Each structure stands twice: as C-alpha cells, then as structure tokens.
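Just so you know, we're using numbering that gives the first Met the number 0 here: the sequence shown kicks off at 0 and counts up by one. All residues carry an ideal CB built from backbone N, CA and C; glycine is no exception. Note that the coordinates shown come from a computational prediction; the quantities given were computed from them, not determined experimentally. Report on the following structure.
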Amino acid sequence: MRQTVAALALFLIATLGSFAPTAVTPVQAAGATTPPKVVIVVGATHGTTATYRANADAVYAEAIKYTPNVVKVYSPSATWSKVKAAAVGASILVYFGHGNGWPSPYTYDPLYTTKDGFGLNYDVNGDGKLSDYELKYYGEPSVSTLDLAPNAVVLLGHLCYASGSSEPGNAAPSLSVARQRVDNYAAGFLKAGAKAVIAEGHGKPETYVRSLFTTHQSIVQLWRNQPNFHDHVSSFTSVRTPSATAYMDPDTSTGGYYRALVAQPGLTSDDVIGSTPTATDPASLTVPGKAATITAGAGIYPSATLTPGSGSDLAFVSVPADERFRLLAKSTTADGRTAVQVEGLDDASLAGWMDAADLAARDSTAPSIWSVDVGSGRVSPNGDGRNDTASLSARFSESVTWQLKIKAPGGTTVKSASGTADRLSVTWDALAGGLPVADGRYAWSISAVDGWLNGPTTKSGTFVVDTTAPSLTAVSPAADAVAWFSPNGDLSRESITWTGNVSQGGTILLRVLNAGGTVVRSTTITVSSGAVRLVWNGKDGAGKIVPDGTYEVRLTPRDAAGNNGTRVTRSVIVNTSLGQVETTKTLFYPQDADRLAPTTTLSFNLTRQAAVTWTIVDADGATVLTLLDGALTPAGTVTRVFDGKRPDGTFLPGGSYRSVVTLAGDGSPTISQYRTFKMMAFAISLSDTTPARGQSVTVSATSAESLSSTPRVYVYQPGKTTWSVAMSKVDTGKYRVRLTVKTGGGTGDIRFRVSAADVDGRSQSTSLTVRLH
C-alpha cells in the first residue's frame with residue numbers, strides 16, 4: 000500500500016501544478032538574527048592604560064568565541080561620543096578605567112555630574128590631541144542616557160569606588176560607606192536600562208563573559224560561581240534603585256570591598272544573551288515544518304480535496320498515531336477544511352495530503368549552536384606538555400546528532416567524530432602515524448541536526464598547528480650595559496624597561512632572581528609580533544620593593560601555541576640610595592634682580608652615606624656650576640638655595656637647566672638623577688614646533704612672576720611685518736592663544752616673543768624661535 004502511495008508525487012504535480020507553499024514564520028531562538036553585542040571600553044588611565052588595554056584584549060578574545068558582534072573602544076580614542084555610539088544595543092558593556100564615585104574625599108555634587116560613570120578621553124589642554132593622560136569624567140547623568148539592549152549587563156573592571164573600595168592609599172571604607180558607593184555607581188547604568196551592574200576590583204571580566212554565554216543560571220548564581228567568590232555575601236535593597244537588590248562579597252567578613260553586584264530580580268544569563276532552547280513545539284502547524292498524527296487511523300489522500308481517488312494507485316492510506324511527517328504545503332478544501340501536503344519523516348513512501356485536524360505541530364526550528372570554544376585555537380604537538388592537543392567543545396540549543404570534521408590545508412580529513420547530545424567535546428592530538436602533522440591552518444566544521452531532522456546547522460573555524468618557537472632579539476639595554484633604576488617613590492627612574500623584537504605574538508615570561516638565585520618576581524606579559532616593551536617596577540611577587548642589589552632578569556618568549564623560544568638574560572641593579580632630587584620652583588626669573596621670583600631651593604635625599612657630585616648643567620649638557628665635587632655626604636636631605644648666579648656673582652643666561660646629583664664609588668655603579676628647571680620670564684610652548692605658513696598654532700605661556708598686564712605674543716615672521724595678539728588667562732600664571740601664521744613671506748626661523756609687565760610694572764619677555772616650513 001505504501002509503495003502505491005509513493006507514486007502520488009508525479010500525479011500531484013500533474014494535477015495541481017507547482018503549488019506555492021504558504022509562508023509561515025518559524026519559531027527562532029531569541030537573538031538568532033542579531034548576535035548579542037559586547038562593547039569593551041578602556042578609558043584614559045595614565046600609566047595604567049596599557050595594562051587595561053591588555054585586560055580588555057583578554058575580554059575580547061573570550062567574547063569573540065561566542066558572538067561576532069564585539070566592539071572595542073580604547074583610549075586614546077575613547078571619547079564620550081564614540082563610547083555612547085558604540086554602546087547602542089549592547090547586551091554586555093565592559094569598562095576598564097578610572098572610577099570616580101561617591102562618597103569620596105572630593106567635593107559633593109548632588110547631581111553626580113562627574114561621579115559614578117566613565118573617565119574618558121578629552122582634550123584637556125587644548126592642544127588638539129588625545130592621550131592616555133587627559134580625561135574627563137562623565138558621571139551618572141551621562142551614563143543614564145546610554146541606549147543599551149534589553150536585559151543588559153554592565154561589567155566594571157578594576158575601578159575605585161564601584162565595588163565599595165577606596166582609592167589606593169586612602170583609608171578603607173566602613174560597610175555603610177561601601178554600600179553607598181556600590182548603590183550610587185550602579186544607579187546611572189540601571190537608569191539606562193541595564194538589568195545588572197557587576198563591579199570587580201580584582202577579578203577578570205572575561206570569566207563573566209564566558210559564564211554569560213556558556214551557562215544557564217541566574218545572574219546572582221553566576222556572580223556567586225566566579226573563581227574569586229569569597230562566600231562573605233551580604234545584601235540590601237538598593238536605595239537609589241528600589242526595585243533592585245545589591246550584593247557584596249568582600250575579601251573577608253570585615254572588609255576588602257572588591258566584589259559587588261546590583262541586579263533586578265529574576266535576571267538570568269539566557270535573558271542577557273537571548274538563548275532560547277529550540278526543542279519546543281509551535282502552537283500551530285508551521286508550513287514548511289514538522290507534525291505528528293494525533294488521530295489513529297488518520298488518512299493520507301491523493302489530493303488536496305481530501306477525497307479517496309479511484310484506482311489502485313490512488314488508494315486511501317491509513318496511518319497510526321504519532322507517525323512523524325514533514326509538512327510541505329497547505330490548501331483549503333471545498334468544505335473549508337485545511338489540507339496539508341505531507342511526507343513521512345521516517346518513511347518517505349508516506350506521501351500525500353492529510354487533514355490538518357489529524358496533525359499536531361511538532362518542533363520545526365533548526366537547532367542553534369550556542370557556543371564553540373577552541374581555547375587558544377593553536378596546537379603544538381611536540382610533547383612539551385603545552386598545547387600538545389587541541390580541544391573543541393560546543394553547546395547546542397537542544398539534543399542533536401552532531402558531526403565534527405577537521406581537514407588539512409589540502410582538504411584531507413584528519414579527524415572526524417560524531418555523537419548525540421546537547422554538547423560536544425572532542426580532543427585532537429594533531430598527529431598522523433604518531434608524528435606531528437605539518438604546521439598550518441586546519442579547518443574544522445560542525446554540523447548538527449535535531450531529532451525532528453531540523454537543520455543541519457553548521458559552524459566552522461580553524462586550528463593553527465605551530466611547532467616553530469618564537470625568538471626575542473635586539474634586546475636593549477644590551478647584556479654588557481650597566482642598567483640600574485631606583486624604585487623609591489620619587490617618580491624618577493622608578494622602573495626599568497627593556498625593548499626588543501619578538502618574531503611571533505604570544506607572551507613573554509619575565510622572571511627576576513636575586514643574588515641567591517631565588518625568584519622574587521614572575522609575571523607573564525602578553526605581546527604581539529614585532530616591537531615589544533617590557534617593564535619591571537622593582538616589586539616582588541607580594542607587591543613590595545625588593546632590597547637594593549643586583550638581580551638577574553630572564554625573558555622567555557612563548558608563542559600562542561605554547562612553544563618556548565630561547566631565553567634572554569639581563570642583569571640589573573636596584574639602588575634606592577639617591578632620591579627626591581627636587582626644585583621648589585620649576586620656573587623662576589632671577590635675572591631681573593627684583594623681589595618676585597629671585598631663587599629656587601634645590602634638594603636631594605640620601606638613604607646612606609655616599610660620595611656626591613652635584614652640578615648645574617645647561618640645555619647643552621655643559622656644567623655651569625658645581626655645588627658638590629665628590630664630597631662624602633651623610634644620609635639625609637641636602638638643600639641649597641640657588642639664585643641663578645655663577646660663582647663670580649653674574650647671572651646665568653635665561654634658559655633651561657638641570658640640577659644633577661651623581662653618586663659614585665663604594666663598589667656600586669655610578670648613578671645619577673636630575674631635576675629640570677627654567678630661569679626665564681615665561682616658559683613658552685607651541686602645539687606644533689614645526690609650523691607652516693597659513694597654519695593655526697596654539698601658543699601657551701607660564702609666567703614666573705605675578706603680572707600686572709595680560710601678556711601679548713609678538714610674531715616675527717620672515718618677510719612679514721611684526722604683529723601681535725593678546726593671550727587669554729586659563730589658570731593662575733598660565734596663558735594661551737591660538738593664532739594663524741601668515742601666508743606668504745620668506746623661509747627661515749619664526750620667533751614668538753611673549754611680553755608683559757610684572758606686578759611692580761617692570762616689562763619682561765621671553766622668546767621661542769623655531770623653524771618655519
């Protein structure tokens with residue numbers, strides 16, 4: 000009988016023609032058409048910005064495993080306008096940068112205009128440039144305007160205040176103050192529509208990203224399940240956002256407020272990511288789609304009229320309950336019934352038309368591949384215990400029959416696996432006949448079909464087989480150089496830096512050993528191929544400055560596949576005996592011999608007795624005055640009042656000078672530190688030291704003395720009559736003007752002279768000459 004029914008296909012085409020199936024929208028997983036958006040922001044954080052960019056790159060590397068929709072906005076390009084535009088539709092917003100919260104030691108602002116938000120790039124000094132060292136705080140009123148996705152989560156990484164903590168060096172907060180800080184910092188983001196704000200002072204945001212994409216749990220559970228969970232949780236109802244609950248997990252039961260969560264109730268990771276299981280039956284028949292009979296003895300008819308045909312080839316077919324079908328098209332009979340064209344899912348010979356009333360809708364949605372994790376994506380099968388095998392794991396939206404294939408660059412399959420489950424986990428040893436396969440890119444592909452034969456859903460990517468070790472070359476300072484630094488907190492030579500070139504991206508293991516061979520510091524630095532810069536700040540693994548002495552620094556490159564390159568070794572001396580080489584005034588003007596700015600006080604500090612040479616040198620490096628010449632000097636602070644005069648009582652010319660202190664002898668290397676100061680009426684700077692004719696230039700000037708008139712800038716341009724413009728005061732003793740160099744004229748030098756009268760009415764000026772282009 001079933002063979003007879005199989006002949007219906009040709010008959011139906013002949014009698015009905017090409018019947019156009021009715022379009023019925025299938026049920027899709029939430030977010031299937033638009034992958035979740037992850038936005039990663041790094042604000043201007045001075046010397047820490049580079050570290051935060053590396054932290055952010057780690058978050059990016061995790062997020063891109065699960066969604067292609069990952070956006071990076073890093074300093075020095077992280078302006079408010081760019082961050083706000085990037086954040087539109089973000090399901091996960093990650094921010095690394097300065098935190099400026101409340102309560103704090105700073106001025107209270109009831110509007111929180113600069114508090115509880117972002118510290119982003121801003122041209123503070125007006126030179127037309129952005130840097131890691133210039134920022135503006137955009138507080139609660141700003142972040143509350145962000146246009147985030149529904150159910151968004153905000154992750155705040157390493158901020159002061161956001162998790163309840165204080166700034167480093169400040170007093171630890173009470174529980175009450177810490178709670179206020181947590182509550183206030185979350186308020187603006189919750190106003191913007193975020194459903195949870197997570198603040199991690201020390202934790203890694205990438206672990207949250209991984210959990211959001213790969214687990215199905217509440218946000219509170221997710222927060223509790225992080226690797227740095229301390230189990231010291233307390234909670235309270237948010238004051239700023241009464242519908243939300245705040246949670247804190249300090250390092251101890253009495254303090255260390257570096258983990259916090261403020262969340263709306265009931266939020267889950269599925270709500271954030273939009274992960275909806277696909278093994279569900281639609282409410283009504285979906286054409287095309289799947290169905291099962293619910294009426295035992297239901298009939299399959301030869302035509303959409305739902306009437307038995309004549310002749311043995313068009314006989315009526317009876318099928319049992321729960322027979323599975325693929326739905327191909329639908330029509331309406333003369334008496335108003337819905338007829339559905341079917342084909343047996345398990346027996347293709349069952350084909351014809353059925354009454355829709357005899358069918359129930361079944362799962363008609365293809366499975367989703369929720370996530371794929373290939374780790375680093377690199378494998379080095381050389382037996383060194385690092386990345387000798389590659390692992391691939393995946394999660395599906397329902398139980399599926401899956402297939403995995405890995406192919407060599409030429410297309411040959413080198414690994415295949417299959418199974419039935421809602422997740423996949425396969426390990427590849429990258430061996431062929433017991434030997435490593437050739438280096439190169441190997442394509443992997445996953446195919447998944449669910450129990451109702453929906454699909455296949457596919458995903459693909461590559462593994463990189465790499466057995467070539469990286470090299471670290473051209474390391475400077477060289478091995479024979481005497482390298483030293485002085486991490487004593489005076490901001491001079493606080494760290495030691497090595498530069499070089501690495502042949503492959505990956506990491507460099509920096510290990511520091513003392514004279515006894517004990518490792519005092521070990522850290523791993525992420526690098527890209529090309530030029531690298533490696534820094535040690537003189538601290539051991541506990542964050543304390545190491546004792547003075549000679550240390551061996553070992554630099555070992557390791558590529559992303561885990562291959563170690565040849566180690567480079569350097570010797571460095573830590574010497575903190577000299578510090579605080581200072582001047583009370585970086586700008587003074589003794590040459591006019593008046594009462595206003597006649598002297599500065601120079602000083603330095605010794606932690607132990609030493610032979611000291613102390614000189615004043617000019618901008619060319621020539622010694623113009625010797626204050627100490629190899630004098631044995633006891634520990635303590637040494638000061639001298641300097642009036643700008645030579646030993647014969649005449650004034651040194653105006654210009655830039657350095658106070659240079661040098662220690663030598665006692666078996667130690669010669670070490671030297673200096674502090675720069677200027678002796679002139681005005682310290683002048685230009686926004687461009689190579690101006691061109693017709694170009695706009697900002698002229699900035701700092702006055703050494705209090706003035707009775709506003710300074711003017713006189714411009715001496717080749718081939719042009721001298722002209723001048725008035726400057727504007729921007730701060731105490733600071734003035735600025737933006738002017739345009741005139742077009743035409745000749746080539747040569749252009750001179751800018753700043754002139755004004757001091758408070759005693761004496762005229763004074765300083766000139767700056769640069770090349771005109």
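DSSP-derived helix/strand/coil call for residue i
| i | result |
| --- | --- |
| D757 | strand |
| R608 | Per the sequence shown, residue 608 should be read as Gln rather than Arg. Q608: coil per DSSP, three-state reduction. |
| T549 | strand |
| I780 | Not covered by the structure: residue 780. The range shown for the chain is 0 to 772. |
| I293 | coil |
| L54 | Leu is not the amino acid found at residue 54; the sequence shown has Asn there. N54 falls in the helix class under three-state DSSP. |
| T688 | coil |
| N124 | coil |
| G298 | strand |
| Q590 | coil |
| F188 | helix |
| G718 | coil |
| N773 | Residue 773 cannot be examined here, being either before or after the span of the chain that is shown, 0 to 772. |
| K677 | strand |
| R422 | strand |
| Q263 | coil |
| V38 | strand |
| R645 | coil |
| Y775 | There is simply no residue 775 to check, as the chain begins at 0 and stops at 772 in what is shown. |
| W451 | coil |
| D182 | helix |
| S80 | helix |
| E199 | strand |
Same chain only: Cβ atoms within 6 Å of residue i, ignoring 5 sequence neighbours per side
| i | result |
| --- | --- |
| T583 | T599, T600 |
| L403 | A416, V425, I445 |
| R394 | W369, S370, R422 |
| S143 | G187, K190, A191 |
| N68 | P34, K36 |
| V474 | W497, G499, V567 |
| S502 | P469, S470 |
| T689 | H772 |
| A198 | L155, A161, S162, A259 |
| E493 | P486 |
| P249 | H231, G255, Y256 |
| G308 | P301 |
| V571 | A482, I495, Y550, V552 |
| G296 | S317 |
Residue i classed as buried or exposed, judged by whether at least 16 other C-beta atoms fall within 10 angstroms
| i | result |
| --- | --- |
| R752 | buried |
| H201 | exposed |
| G382 | exposed |
| P301 | buried |
| R607 | exposed |
| R532 | exposed |
| I63 | exposed |
| A389 | buried |
| S776 | Coverage of the chain is limited to positions 0 through 772, which leaves residue 776 absent and any answer about it impossible. |
Close beta carbons around residue i, own chain, < 8 Å, minus the five adjacent residues each side
| i | result |
| --- | --- |
| T21 | Only weak support exists for where T21 lies, its pLDDT of 28 falling under 50; the value from the coordinates is given anyway. So the list reads V286, A328, K329, once near-sequence residues are dropped. |
| P646 | L624 |
| A691 | V740, L771, H772 |
| H45 | D131, Y132 |
Supposed close pair residue i, residue j - CB separation, criterion 8 Å
| i | j | result |
| --- | --- | --- |
| T456 | P319 | With a Cβ gap of about 31 Å, T456 and P319 do not count as contacting. |
| G100 | Y184 | 5 Å |
| A290 | R361 | 5 Å |
| Q694 | V580 | Contact doesn't hold; Cβ gap of about 38 Å is too wide. |
| G632 | S602 | In the sequence under discussion, the amino acid at residue 632 is Thr, which differs from the Gly named in the question. 12 Å between Cβ atoms; not a contact. |
| G96 | G42 | 3 Å |
| I91 | K71 | Wrong, their Cβ atoms sit about 13 Å apart, outside the cutoff. |
| R735 | G125 | 7 Å |
Proximity test, Cβ basis, 9 Å: residue i and chain D
| i | result |
| --- | --- |
| H231 | Among the protein chains of the structure shown there is no chain D, as only one such chain exists. |
Close-in-space but distant-in-sequence residues of the same chain around residue i (CB under 7 Å, 5 per side omitted)
| i | result |
| --- | --- |
| R440 | P408, T461, V463 |
| T32 | Summary for T32: the model assigns pLDDT 47, below 50, so the residue's position carries little reliability; its value from the coordinates is reported in the next sentence. Counting only Cβ-Cβ distances below 7 Å, and skipping sequence neighbours, we find nothing. |
| E397 | P276, T277, A278, P366, D421, D449 |
| P264 | T244 |
Please specify which runs of the beta strand (DSSP E), each continuous and at least 3 residues long, are wholly inside the region 485-553, giving them in chain order. Taking 3 residues as the shortest admissible run, the region 485-553 contains the following complete beta strand (DSSP E) segments, listed from N- to C-terminal end: 495-501, 505-512, 518-526, 529-535.
What residue ranges within the region 340-420 form continuous beta strand (DSSP E) runs of no fewer than 3 residues, ordered along the chain? If we require 3 residues or more, the beta strand (DSSP E) runs fully inside the region 340-420 come out as 350-354, 358-361, 368-372, 389-406.
Runs of alpha helix (DSSP H) wholly within the region 230-277 (minimum 4 residues, chain order): 268-272
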